[in-house]
Structures are given as structure tokens and as C-alpha cells.
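Step one of this worksheet: look at the structure below.
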Amino acid sequence: MGCRSSKPFEDTTDEIRIAVVGRTGSGISQFIHDATGSYKHGVSNQTALRPFTTEITPILADIKGFSPSVKVVLIDTPGFDFTRGNSEHDKFSQLAKWVKHRYGSKARLDGVIYIHNIWTEELLNRPPLLTSDALEYICGPNWREKVVFVSSHWNERVRDDGNEREVLLKENYWSFMLAKGSQMTRYEEPERPEKAVEILRLLVGGLSNQKKELR
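Residue numbers (the working numbering): 77 to 291.
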């Protein structure tokens with residue numbers, strides 16, 4: 077496992093910073109591994125019941141297919157674990173404090189990738205996620221437009237059952253967010269770097285040009 081540097085990144089406006097969040101075992105580290113195509117960042121490509129990531133870690137990623145001028149920082153985060161009292165709200169609040177401490181009081185994230193195991197029952201039985209002061213604080217007033225919901229673990233069971241769950245997520249739990257500009261997609265086949273990159277493109281889009289205009 078590679079070492080994780082504690083040296084802060086330079087707070088430059090041309091960095092595109094994307095936090096990858098989700099419940100423990102949803103596939104956060106798997107996604108980052110696939111997106112970077114390397115183990116060198118010290119992330120696991122295995123799903124576990126306990127979090128592999130225990131602290132928030134920024135990874136300056138070399139993304140295949142992206143221009144060298146596009147600097148993407150993937151922020152690896154510890155998973156939510158509702159059974160241990162670690163809620164979404166708690167984790168987002170921790171992330172907000174970390175971003176401001178790491179990059180400065182005016183720093184903001186450019187996107188959030190929310191990974192969810194499609195077979196998890198718990199999410200469907202909880203109230204809809206309508207707002208998050210912490211996410212607005214670190215992403216800005218249009219924060220919902222910077223969120224991509226990614227369903228994972230499709231390869232573990234019969235796809236038709238997953239389709240029904242996907243509809244429930246789309247029409248209930250995530251419906252408000254989607255109506256406000258969030259996006260939703262599948263991460264059906266882990267260990268396919270091109271799919272991870274495709275998901276990143278949903279967020280990166282024209283951000284690199286926007287960043288250059290701010291310099």
C-alpha cells in the first residue's frame with residue numbers, strides 16, 4: 077500500500093476538486109482506484125464491511141484521457157456507517173471543515189460523487205435527502221448541480237431487481253436533488269477505468285475552461 081502524503085496541495089484555481097463519498101462498502105476506494113488506474117495512492121480495490129479509508133485524503137489524479145492541463149484532485153473520504161452513528165450529515169460537516177482547513181476559508185469543491193450500493197435497504201427506508209448546509213457551504217449555492225449519484229454493485233444480483241430499486245431512488249429518495257440539477261448514473265462493472273472516467277466527465281465537463289478564465 078502506498079504512502080499518503082500529508083503535504084497540502086497548492087491552492088490554485090485551476091484544480092478541479094471532487095469529493096467521493098458514500099456508505100462504507102459502497103465502492104469509494106474501488107472507484108478512485110479505477111479512475112486513477114493505480115494502487116500507488118493507497119486506496120483499496122476491494123469492498124469491505126469496515127472502511128479502508130480512515131481519514132480524508134486528497135489525491136492529485138492522473139486521469140487517462142484527460143488533458144495534462146486538467147488537474148483533478150479526487151478527495152477520498154471515510155464511508156458513512158449509520159450503525160456506528162456516522163451519518164451523512166456528520167461526514168459532510170467533517171468534509172466541510174477539512175476543505176476550509178486544507179484549502180482556505182474561500183475554497184469550494186467543484187463536485188461530489190455520491191456512491192451507493194444499489195442493494196442497500198437502509199437508504200430506501202430513510203427520509204429523502206433534501207438539503208445539506210455543509211454541502212452548500214463547500215460547493216456554493218448551486219451545490220445540487222455539482223452532485224452525481226452513482227449506484228454500484230450491480231453485478232452482484234439479478235439486474236431486474238436492481239432496476240426496481242433504481243426507480244425508487246430516482247422517484248423518491250433522490251427525486252428532489254435530481255429535479256434541482258443533480259445527475260444519476262450506474263457504475264455497473266468495477267475494474268473498468270473507462271467507466272470511472274466517464275462518470276468524472278459528467279462533473280468535469282467545461283470546468284477546466286472555467287477555471288482558466290478565473291486565473
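Built from N, CA and C at the ideal position, the CB exists for glycine as well.
Quick caveat: nothing in here was measured; it's all calculated off a predicted structure.
* Asked: Helix, strand or coil for residue 118 per DSSP?
  -> Along the sequence shown, one-based indexing puts residue 118 at 42. Note that residue 118 scores 48 on pLDDT, short of 50, meaning its location in the model is unreliable; the coordinates nonetheless yield the value given after this. Under the three-state reduction of DSSP, residue 118 is assigned to coil, being neither helix nor strand.
* To do: Would you give the residue range spanned by the beta strand (DSSP E) that residue 225 belongs to?
  => In the sequence shown, counting from the first residue as 1, residue 225 sits at position 149. Boundaries of the beta strand (DSSP E) around residue 225: 223-228.
* To do: Check whether the stretch 248-258 touches the stretch 274-282, taking contact to mean three or more Cβ pairs, one atom from each stretch, closer than 8 Å.
  => The stretch 248-258 vs the stretch 274-282: no contact.
* Report the rounded CA-to-CA distance for residue 119 versus residue 164, giving the unit in angstroms. => Reading the sequence shown from its first residue, position 43 is the one you call residue 119. Reading the sequence shown from its first residue, position 88 is the one you call residue 164. Because the pLDDT of residue 119 is 48, which lies under 50, any placement of that residue in the model is unreliable, and the number read from its coordinates should be weighed accordingly. Rounded to the nearest whole angstrom, the CA to CA distance from residue 119 to residue 164 is 21 Å.
* Three-way DSSP call (helix, strand, coil) for residue 265 in this model -> Translated into the one-based positions of the sequence shown, residue 265 becomes position 189. Residue 265 sits in coil when the DSSP states are folded into three classes, being neither helix nor strand.
* What first and last residue would you give for the alpha helix (DSSP H) that runs through residue 178? -> Translated into positions along the sequence shown, residue 178 becomes position 102. Where residue 178 is concerned, the enclosing alpha helix (DSSP H) stretches over 164-179.
* residue 195: which of 280, 231, 140 and 210 sits nearest, CA to CA? -> Indexing the sequence shown from 1 puts residue 195 at position 119. Nearest C-alpha to residue 195: 231.
* Buried versus exposed, by CB contacts within 10 Å (16 or more), residue 145 -> Here residue 145 refers to the residue found at position 69 of the sequence shown. Under this definition residue 145 is an exposed residue.
* **residue 172 versus residue 211 - alpha carbon distance** => Indexing the sequence shown from 1 puts residue 172 at position 96. Indexing the sequence shown from 1 puts residue 211 at position 135. Their Cα atoms are separated by approximately 7 Å.
* Asked: Under a Cβ-count criterion, where at least 16 other Cβ atoms within 10 Å of its own Cβ denotes burial, should residue 154 be classed as buried or exposed?
  -> For the purposes of this step, residue 154 is identified with residue 78 of the sequence shown, where counting begins at 1. Burial of residue 154 is indicated by the presence of at least 16 other C-beta atoms within 10 angstroms of its C-beta.
* **Other residues of its chain near residue 136: CB distance less than 6 Å, five sequence neighbours each side excluded** => Reading the sequence shown from its first residue, position 60 is the one you call residue 136. If we look at residue 136 and ignore the five residues flanking it on each side, its Cβ neighbours are 149.
* Could you tell me the boundaries of the beta strand (DSSP E) in which residue 133 lies? => Position 57 of the sequence shown, counted from the first residue, corresponds to residue 133. It spans 133-137 - the beta strand (DSSP E) in which residue 133 sits, taken as one unbroken run.
* Which of the three DSSP states, helix, strand or coil, is assigned to residue 218? -> In the sequence shown, counting from the first residue as 1, residue 218 sits at position 142. Collapsing the DSSP output to three states places residue 218 in coil.
* For residue 238, which of helix, strand or coil comes out of DSSP? -> Position 162 of the sequence shown, counted from the first residue, corresponds to residue 238. Shown here, residue 238 sits in a helix according to DSSP, grouped into three states.
* Asked: Leaving out the 5 sequence neighbours to the left and right, which residues in its chain are closer than 7 Å to residue 308 when beta-carbon positions are compared?
  -> Limits of the chain in this structure are 77 at one end and 291 at the other, which puts residue 308 out of reach.
* Where residue 192 falls, given that 16 or more other Cβ within 10 Å makes a residue buried -> Walking along the sequence shown from the start, residue 192 turns up at place 116. Classification of residue 192: buried, given that the 10 Å Cβ count is 16 or more.
* Asked: From which residue to which residue does the beta strand (DSSP E) around residue 150 run?
  -> Within the sequence shown, residue 150 is the residue found at index 74, counting from 1. From DSSP, the beta strand (DSSP E) with residue 150 extends over 147-152.
* To do: Could you tell me the distance, in whole angstroms, from the CA atom of residue 151 to the CA atom of residue 186?
  => Residue mapping note: residue 151 aligns to position 75 of the sequence shown, counting from 1. Residue mapping note: residue 186 aligns to position 110 of the sequence shown, counting from 1. When rounded, the distance between both Cα atoms is 11 Å.
* DSSP beta-bridge partners for residue 111? -> Locating residue 111 in the sequence shown gives position 35, where the first residue counts as 1. Its beta-bridge partners do not exist; DSSP assigns none.
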